[in-house]
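With UniProt numbering applied, the sequence shown corresponds to residues 1 to 185, in that order. I have placed the structure first, in the form of structure tokens, so that the comments after it can refer back to it.
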Amino acid sequence: MNFNNWQNADDTAIKELPFHVAEWLAEFGSLTEKLSRYVDQVKLDVLCEGADILTAEEASALKVSGDVTCQVREVVLYGPQSPWIYARTSMPLTSKHLIEKLGSKPLGSILFTDEELRRQFLQVCQLQETSQLYKSAIRYLKNENLLVDSEKPKLWARRSLWKKKDKDDGMLVCEVFLPDAPLYR
Ligand SMILES: C=C(O[C@@H]1C=C(C(=O)O)C=C[C@H]1O)C(=O)O
């Protein structure tokens with residue numbers, strides 16, 4: 001299976017992934033919850049939250065036109081010593097109310113408690129260096145001096161589309177596993 005493109009995290013795909021990778025990528029529950037087994041308290045930094053233009057990949061997954069302004073939230077979630085996950089969540093401005101009061105609370109606190117929010121798909125990918133998501137994660141690592149200029153680590157990512165039952169509200173949650181995350185060990 002070609003994991004350089006997004007693939008549905010179904011049984012066939014999961015079987016082809018190395019065990020450590022599958023354990024994180026195909027986690028159907030909350031990643032924040034999973035992280036809390038490694039740290040006393042999950043640390044989350046909100047890198048930015050506001051109106052932005054989507055990448056072509058995000059627009060296509062959300063089925064919105066590429067030049068429409070949307071709401072974007074970027075965060076990192078920490079492991080015991082360093083950031084493990086870079087996440088970028090995007091949604092049409094009309095869905096912004098879903099996350100407006102979140103602040104530095106993890107998105108998982110909404111996704112896994114609001115019974116009207118349903119996951120439409122979960123997809124996994126080993127990001128290509130040309131992808132915007134890869135570039136954003138690498139830019140973050142370099143800004144934080146967590147990566148030297150010449151390094152181009154292979155990074156695994158997952159993305160899921162969430163929709164509110166009977167409504168148009170929805171969001172795309174993309175999560176990139178950074179080099180210190182346990183799935184590379
Ligand atoms: C989606 C979850 O929440 C995490 C927190 C996020 C946020 O607060 O923006 C985004 C992605 C996640 O890794 C989760 O816990 O599974």
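Beta carbons are placed, not taken as given, at the ideal position from N, Cα and C, and that holds for glycine. As the structure is a computational prediction, the values presented were derived from the model and not from experiment.
L25 is positioned such that its CB atom lies no closer than 8 Å to that of L35.
In the three-state reduction of the DSSP assignment, A87 falls in the strand class, which pools E and B.
Distances from the CB of V75 to the heavy atoms of ligand 1 include at least one below 7 Å. Here Q7 is bridged, per DSSP, to V124. With 16 or more other Cβ atoms inside 10 Å of its own Cβ, L107 counts as buried. At least one heavy atom of ligand 1 sits closer than 7 Å to the Cβ of A87. With 16 or more neighbouring CB atoms inside 10 Å of its own CB, Y140 falls in the buried class.
Spanning the alpha carbons of E23 and R37 requires a straight line of approximately 14 Å. For K164, the CB contacts under 6 Å within the same chain, skipping 5 residues up- and downstream, are E116 and L117 in chain order. By the criterion of at least three beta-carbon pairs nearer than 8 Å, the stretch 133-153 is not in contact with the stretch 60-71. Between S109 and V46, the CB-CB gap reaches or exceeds 8 Å.
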